[in-house]
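S.K.: Sharing a structure below in structure tokens format, with a few things to ask.
Numbering (my numbering), first residue to last: 33 to 203.
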């Protein structure tokens with residue numbers, strides 16, 4: 033028996049351990065469905081399931097649910113993997129690391145290495161919590177073209193105060 037994608041979607045949503053429980057859940061909703069197309073899809077799925085004998089029906093419902101869950105999980109994993117692939121890994125100090133709370137810490141910067149230097153290799157990204165002297169050294173490295181400071185925040189007693197970007201003038 034052939035089921036449409038919409039019918040399989042309905043079966044997944046109402047999947048229960050037995051044929052009787054699955055059908056009962058589906059039949060319960062039919063009277064309250066306002067959309068005629070959705071109502072027809074649910075009624076067709078019910079008629080088709082009623083024709084399948086037990087235990088095949090329960091196995092079909094379980095397999096349908098498992099397939100939908102696997103597709104959903106794979107979709108989430110694929111989106112997470114794509115997001116991770118786009119964003120380079122942030123190295124250096126952890127956002128909630130102890131360096132943030134040192135009394136001499138006044139700056140947090142994120143940077144990208146422009147050319148191989150003492151910090152790392154080209155393209156690597158880092159986060160550092162720095163003292164005033166460390167921040168001056170980072171600014172000097174930026175002037176020499178070794179790094180590019182991507183963002184800066186002032187740090188006071190571990191609390192971050194990000195710099196505001198200047199508004200671009202309208203033309």
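In this text, a Cβ means the ideal position worked out from N, Cα and C, and glycines have one as well.
1. To the nearest angstrom, how far is it from the Cα of residue 52 to the Cα of residue 114?
2. For residue 87 and residue 50, I'd like the C-alpha separation in whole angstroms.
3. Taking the alpha-carbon positions, what's the residue 177 to residue 147 distance?
4. Helix, strand or coil for residue 150, going by three-state DSSP, please let me know.
5. Would you list the one or two residues that DSSP bridges to residue 131?
6. Of the residues 163, 111 and 151, which one's Cα is nearest the Cα of residue 134?
7. Based on DSSP bridge pairs, tell me the residues matched to residue 192.
8. If you scan the region 80-128 from start to end, which runs of the alpha helix (DSSP H) of 4 or more residues do you find wholly inside it?
9. When you compare the CB positions of residue 93 and residue 43, do they come within less than 7 Å of one another, or not?
10. Distance check for residue 112 and residue 171, CA to CA, integer angstroms please.
11. To the nearest angstrom, how far is it from the Cα of residue 125 to the Cα of residue 185?
M.R.: Here's the rundown:
1. On the chain shown, position 20 is the one that residue 52 refers to. On the chain shown, position 82 is the one that residue 114 refers to. A straight-line Cα-Cα distance of about 41 Å links residue 52 and residue 114.
2. Walking along the chain shown from the start, residue 87 turns up at place 55. Walking along the chain shown from the start, residue 50 turns up at place 18. Computed Cα separation, rounded: 8 Å.
3. Here residue 177 refers to the residue found at position 145 when the chain shown is read from its first residue. Here residue 147 refers to the residue found at position 115 when the chain shown is read from its first residue. Going from the Cα of residue 177 to the Cα of residue 147 covers about 7 Å.
4. Reading the chain shown from its first residue, position 118 is the one you call residue 150. Residue state, collapsed to three classes: coil.
5. Position 99 of the chain shown, counting from 1, holds the residue named residue 131. Under DSSP, residue 131 forms no beta bridge with any residue.
6. Reading the chain shown from its first residue, position 102 is the one you call residue 134. Comparing Cα-Cα distances from residue 134 to each of 163, 111 and 151, the minimum goes to 163.
7. Counting from one through the chain shown, the residue named residue 192 turns up at place 160. According to DSSP, which records beta bridges pairwise, residue 192 is partnered with 187.
8. 88-118
9. Counting from one through the chain shown, the residue named residue 93 turns up at place 61. Counting from one through the chain shown, the residue named residue 43 turns up at place 11. Contact: yes.
10. Residue mapping note: residue 171 aligns to position 139 of the chain shown, counting from 1. Residue mapping note: residue 112 aligns to position 80 of the chain shown, counting from 1. Whole-angstrom Cα-Cα distance: 34 Å.
11. Counting from one through the chain shown, the residue named residue 125 turns up at place 93. Counting from one through the chain shown, the residue named residue 185 turns up at place 153. Between the alpha carbons of residue 125 and residue 185 lies a gap of roughly 14 Å.
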